[in-house]
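Written out below as structure tokens is the structure these notes cover.
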Amino acid sequence: MLSRLDYDQEIPSCEENTVSIDFPSPMEIREEQLKDEDLRKIIHCFENDDKDINHANWLERGYLMNQGVLYRYSHDSESEEAQLVVPSKGKDKIFKEHHDSSNVAHYGSDGT
1 MLSRLDYDQE
11 IPSCEENTVS
21 IDFPSPMEIR
31 EEQLKDEDLR
41 KIIHCFENDD
51 KDINHANWLE
61 RGYLMNQGVL
71 YRYSHDSESE
81 EAQLVVPSKG
91 KDKIFKEHHD
101 SSNVAHYGSD
111 GT
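Numbering of the sequence shown is given in our numbering, commencing with residue 1 and proceeding in unit increments.
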């Protein structure tokens, strides 16, 4: 005998939706970063065996390399996780795909 009352109403079924996201590989991210002139300078500075004052400056600004990909710690963020450095050319695309899409719509600052 169950410890709760019987439920006679039909329970509505749920739909299952699958979402797939294609993430670029680290090599593809690196290639895009190297196409950006400003990021290429930072990457070459990190990969150069002669660590000069520029290397120290980039470290102080929170930049680091991990598996050939450039990341940055944000001093303004409470997160201790490094953020992927996105080339200037890719920022608009990312913003549009993750902000303007109907799948991620929100009510704006007035609705929150």
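C-beta: ideal position from N, C-alpha, C; glycine also.
Residue i, enclosing alpha helix (DSSP H) - first and last residue
i	result
Asn57	53-60
Asp92	88-95
Gln9	No alpha helix (DSSP H) contains Gln9, which DSSP labels as neither H nor E.
Phe46	37-47
Close beta carbons around residue i, own chain, < 7 Å, minus the five adjacent residues each side
i	result
Gln83	Tyr71, Arg72, Ser74
Where the beta strand (DSSP E) through residue i begins and ends
i	result
Val69	69-72
Asn66	63-66
Spatial distance of residue i from residue j (CA atoms)
i	j	result
Glu47	Val19	37 Å
Met65	Lys93	23 Å
Glu80	Ile11	44 Å
Pro24	Ser77	25 Å
Asp52	Lys91	30 Å
His99	Asp38	25 Å
Top-ranked residue by Cα proximity to residue i, from the options
i	options	result
His55	Gly62, Cys45, Asp49, Arg61	Cys45
Proximity of residue i and residue j at Cβ, strictly below 8 Å
i	j	result
Pro87	Lys41	no
Gly68	Pro26	yes
Gly85	Gln9	Looking at the sequence provided, one finds Val at residue 85 rather than Gly. Not a contact, by the Cβ cut-off of 8 Å.
Same chain, Cβ closer than 6 Å to residue i, neighbours up to 5 away in sequence not counted
i	result
Ile29	Val69
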